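In order, the protein sequences belong to chains P and E.
Those letters in the first sequence? Residues 0 to 294, per numbering that gives the first Met the number 0, in order.
Those letters in the second sequence? Residues 0 to 397, per numbering that gives the first Met the number 0, in order.
All residues carry an ideal CB built from backbone N, CA and C; glycine is no exception.
What you are looking at is a predicted structure, and each value in this text was computed from that prediction instead of being measured.
Report on the structure given below.
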Amino acid sequence: MDTFLQIVANGLMLGGLFAIVAVGLTLIFGIVKVINFAHGEFLMVGMYLTFLLSTGMDVHPYLTAAAVAPALFVLGALTQRLLIQPLMSARDEHVQIFATVGLSTALMNLALLVFGADIANTPAHGVRSQVMLGEVRILTGQLWVFGAAILLVIGLQLFMKKTRTGRAIRATAQNRAAARLMGINDKFIYILTFGLGAACVGLGSSLIAPLYPTSPTIGTYFVLIAFVCVVLGGLGSIPGAFFGALVIGLVDALSGFYIGSDLREAVVFTIFLLILILKPSGLFGTRMNLSHVSP
Amino acid sequence: MTLKTLLTATAVSALVAGAAQAEVKFGALYPFSGGLALLGEESFRGVELAVDEINAAGGIQGEQIELVRGDAVDNNQAIGEARRLISREDVKAILGTYSSSRSIAASQVAELSGIPYFELGAVADEVTGRDLQYLFRTNPTAETMGIMTIDMILDEIAPGLGVEASDLVIGVIHEDSAYGTSVAGHQEEYGAEKGLNIVTVQGYPSSTVDMSSLVLDLKDRSVNIVLQTSYQNDSVLFLNQSAEAGFEPDAIIGGGGGYSLTATEEAVGALMEGVLDVDFTQYAVNTEFTPGLEDFLVAYQNKYGEEPRSGHSLNNYVGAMAVLEGIGAGEGFEPDQIVAAVKAIDIPAGETAAGYGVHFGDQNQNDRAMMMGMQWQGGKLVTVYPRDAAVAEFQIGD
Chain P
0 MDTFLQIVAN
10 GLMLGGLFAI
20 VAVGLTLIFG
30 IVKVINFAHG
40 EFLMVGMYLT
50 FLLSTGMDVH
60 PYLTAAAVAP
70 ALFVLGALTQ
80 RLLIQPLMSA
90 RDEHVQIFAT
100 VGLSTALMNL
110 ALLVFGADIA
120 NTPAHGVRSQ
130 VMLGEVRILT
140 GQLWVFGAAI
150 LLVIGLQLFM
160 KKTRTGRAIR
170 ATAQNRAAAR
180 LMGINDKFIY
190 ILTFGLGAAC
200 VGLGSSLIAP
210 LYPTSPTIGT
220 YFVLIAFVCV
230 VLGGLGSIPG
240 AFFGALVIGL
250 VDALSGFYIG
260 SDLREAVVFT
270 IFLLILILKP
280 SGLFGTRMNL
290 SHVSP
Chain E
0 MTLKTLLTAT
10 AVSALVAGAA
20 QAEVKFGALY
30 PFSGGLALLG
40 EESFRGVELA
50 VDEINAAGGI
60 QGEQIELVRG
70 DAVDNNQAIG
80 EARRLISRED
90 VKAILGTYSS
100 SRSIAASQVA
110 ELSGIPYFEL
120 GAVADEVTGR
130 DLQYLFRTNP
140 TAETMGIMTI
150 DMILDEIAPG
160 LGVEASDLVI
170 GVIHEDSAYG
180 TSVAGHQEEY
190 GAEKGLNIVT
200 VQGYPSSTVD
210 MSSLVLDLKD
220 RSVNIVLQTS
230 YQNDSVLFLN
240 QSAEAGFEPD
250 AIIGGGGGYS
260 LTATEEAVGA
270 LMEGVLDVDF
280 TQYAVNTEFT
290 PGLEDFLVAY
300 QNKYGEEPRS
310 GHSLNNYVGA
320 MAVLEGIGAG
330 EGFEPDQIVA
340 AVKAIDIPAG
350 ETAAGYGVHF
360 GDQNQNDRAM
370 MMGMQWQGGK
380 LVTVYPRDAA
390 VAEFQIGD
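In structure tokens:
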């Protein structure tokens, strides 16, 4: 029983980790309608920034989020402005997806060139210490990630629902043409949203870096799982991504124990395929709005 | 006696005379560019040092050796370069290759041309498993690694813990590419042969970000010896998450990869203390068992102005020395003469700079090739097994 509770706790904590990566991904997809394949590499860049800042200035890695999240915002905004926006008028919008795949490969190889294939180890500053909840062991860092993921989801929801900018973002997502008629600068909204999505993963990277060794390829695994979470929760839904991540975290942990570590990915991706076939809109998704296709 | 025969005879004697004055050419086929260039170059340096040493001592069969480089940047180019070395450069044999897949591709070409091919560094089982006549391998393999880990349990760990080896509960975990899978397969097979109780064999992708379920599974099964064949990320993850789950096996034995690297030790700190590792001979080894190692290090430093970046140069140096000296002791450089000469090589363990002997057995694999058992002690990776090669005590139990 203790083992079972421990596995459930591990699964939930893993879910929190996936959630904090998945939220930015679903935000960008929901608004800009671009699947950002470079999202994992954004995470990797954020983790290296956290590593460099926290070792260089000898500060707690969490504090570096104050610099890393804005830096990632700029990276995301530039990606939208310089890479995606010029391609928005392309006849085939898959071109944008290929562009993010290209960006992903370029960033990964750039990191290999700059940092080499060796792992970089962000000092833990106490976040790898354990707390006991009854018989269950959890790292304080995992709790922080989990808490941050919840706050991030609530914060983004409030921002989208209550602020003028948030409403403008939703309006653009719902109907780009109508939003433009209402005087919304849709290009600016897209740049802002891409930046926000990247800043979310920037925040996540500062929290994740002290828990995991950083390497140029760290993003590939995270982003694949994050895609599954996003699809499960419903593409574009922020709370959906969060709950999707929790489900995937639990499935991952339970199948890893009861079925075997060789098969856990098979289980996770079988679920992914089943959702695509049986409920393509996901748990929280609404029907796809394709109004952005016509200008 | 026709005119044609006469002309041929003249041409042949002219060629032979020419050869006697010229140097004898050998091909060196390594990835010199692309993703594997660093360790490809490092491997080549070992061959270069061996050739320098042999040439300085008068060459082989009275001739100086000239190395012709071929760049095996990918499998296709490995094949193309092997063809060029054989047909245009007229090399007598090829040495290589560091990468297993390139070795497998290029050695096919050499086999068809009847040119001997000496593999000095690639570890995949398939390199020597193909019944080739002209392919020889001097270095230890994935199978050697699997067998060494099991031998270390039998010879040191079980006696050190004061228990019967069959009473140990062993868990084998591995990253799921060809490397981890083949080493784990040999551990399972050889372990069963020796009557060991291997309770689980589990693979996982090396890019994984969570091994907590795997750790709990091992803990649940009361595993006390863990064998892990892994890269860096998954070694760190396993050691960290084991500590976090309160899983404390009596011994962890890594299979090369992540466990041999200082960066891994830096990442996990004190958790690395006492962890065991089986890999190619490294430099913290008893030099009485590895005669020539110190000279090798001096020669390396003189030629390249730095320390060796890994053990690859050493293993390629040892293989090249054994093979080239073997050919030197033979007669002539025709393929069959070379094959006969290297088949006569008989160097016992403890007489090369890497410690292992050289003798080609079944499938032309060096049946004396071995790895070393090492342990992290005080932040350093030191050789502890076999005892002849050890520079420190094997630390196990209390």
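Neighbourhood of P:Thr2 in chain E, by CB distance below 7 Å: Leu215, Asp219, in chain order.
Looking at the DSSP output, E:Arg308 shares a beta bridge with no other residue. Within chain P, Ser260, Asp261 have C-beta atoms less than 7 Å from the C-beta of E:Tyr203, given in sequence order.
Contact note: E:Gly378 does not reach chain P at a C-beta cutoff of 9 Å; the least C-beta distance is about 14 Å.
Counting only Cβ-Cβ distances below 8 Å, P:Pro212 has contacts in chain E at Gln231, Asn232, Val235, Leu236, Ala266, in chain order. Under the Cβ criterion of 8 Å, P:Leu231 is not counted among the residues facing chain E.
The Cβ neighbour count for P:His93, taken over all protein chains shown within 10 Å, is under 16; the residue is labelled exposed. Proximity of chain E to P:Asp117 at the Cβ level (cut-off 8 Å) is accounted for by Gln231, Leu260, Ala262, in chain order.
Those residues of the region 178-192 of chain P placed with their C-beta closer than 7 Å to a C-beta in chain E do not exist.
A residue is called buried once 16 or more other Cβ atoms fall within 10 Å of its Cβ, and P:Pro69, having fewer, is exposed. A contact between stretches requires three or more CB pairs, one per stretch, nearer than 8 Å, and the region 226-239 of chain E meets this requirement with the region 116-135 of chain P. Under DSSP, P:His59 shares a beta bridge with no residue. In the three-state DSSP reduction, E:Phe117 falls in the strand class (E or B). Residues of the region 157-178 of chain P that bring their beta carbon within less than 7 Å of a beta carbon in chain E are absent altogether. For P:Ala208 and P:Gly23, the gap between their C-alpha atoms comes out near 17 Å. E:Ala27: member of the beta strand (DSSP E) spanning 23-29, first to last residue. Distance from the CA of E:Ser102 to the CA of E:Asp366, rounded to the nearest whole angstrom, comes to 19 Å. By the Cβ rule, the region 139-154 of chain E does not count as touching the region 100-116 of chain E, because fewer than three pairs are nearer than 8 Å. Our two residues, P:Asn108 and E:Leu37, have alpha carbons roughly 16 Å apart in a direct line.
Between P:Glu40 and P:Leu81 the beta-carbon gap is near 16 Å, outside 8 Å, which marks them as no contact.
With a threshold of 8 Å between beta carbons, E:Ala183 makes no contact with chain P. With contacts defined by Cβ atoms closer than 8 Å, E:Ala321 and E:Ile337 do not form a contacting pair. Cβ-Cβ distances below 8 Å link E:Asn239 to Val267, Leu270 in the same chain, with the five nearest sequence neighbours on each side left out; the list follows chain order.
Membership of E:Asn239 in the alpha helix (DSSP H) is indicated by the continuous run 231-243.
Across the structure, E:Val72 and E:Ala104 are spaced so that their CA atoms are roughly 12 Å apart. Neighbours of E:Val208 across chain P, judged by C-beta separation under 7 Å: Tyr211, Tyr220, Phe221. For P:Asp251, the nearest CB of chain E lies under 8 Å from its own CB, placing it at the interface with that chain.
For E:Gly273, the CB contacts under 7 Å within the same chain, skipping 5 residues up- and downstream, are Gln374, Trp375, Gln394 in chain order. Separation of P:Thr78 and P:Gln84 (C-alpha to C-alpha, rounded to the nearest whole angstrom) is 9 Å. Going by DSSP, E:Ala250 is part of the beta strand (DSSP E) stretching over 250-254.
Sequence-distant partners of P:His124 (beyond 5 residues in either direction) whose C-beta falls short of 6 Å from its own C-beta, in its chain, are His59. For the options E:Thr280, E:Met210, E:Val208, E:Phe246, the alpha carbon positioned closest to that of E:Asp219 is the one of E:Phe246. The region 381-390 of chain E and the region 277-285 of chain E touch, with three or more beta-carbon pairs separated by less than 8 Å.
Here DSSP, grouped into helix, strand and coil, assigns E:Phe135 to strand. Taking 9 Å as the Cβ-Cβ cut-off, the region 326-337 of chain E has no residue approaching chain P.
Chain E places no beta carbon closer than 8 Å to that of P:Leu52, leaving this residue out of the contacts.
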